[in-house]
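Report on the following structure.
Residue numbers (the UniProt record's numbering): 1 to 99.
Spelled out as structure tokens, the structure:
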């Protein structure tokens, strides 16, 4: 996929998409996000949950993300992956709801 954002440099967009602290300021649908771990210098695994519009239920994901700056081009690739953190997170929420 290629996205064109007028008046925003590729470098700025790349930086914004990587800054989880700053994401809390501009992503009003985000519920929670955190890094699970770094696999290589340019690959990590992270958790992200977001508010969906009604009638949909909120969603959450664990993704493996790889990135590579190539001069004026910047690549970010996300894959959904299975990870025990997500299952533990869901179990904790269900347990909490029962109380």
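Quick reminder that beta carbons are idealized off the backbone N, C-alpha and C, glycines included.
Own chain, CB closer than 8 Å to residue i, minus 5 neighbours either side, in chain order
i	result
residue 81	45, 62, 63, 64
residue 34	20, 46, 47
Length of the line joining the Cα atoms of residue i and residue j
i	j	result
residue 9	residue 53	30 Å
residue 76	residue 2	11 Å
residue 73	residue 67	11 Å
Chain-order list of residues whose beta-carbon lies under 7 Å from that of residue i (same chain, five-residue window excluded)
i	result
residue 5	13
Residue environment, residue i, which counts as buried when at least 16 other CB atoms sit within 10 Å
i	result
residue 79	exposed
residue 48	buried
Residue i - DSSP class collapsed to helix/strand/coil
i	result
residue 23	helix
residue 56	coil
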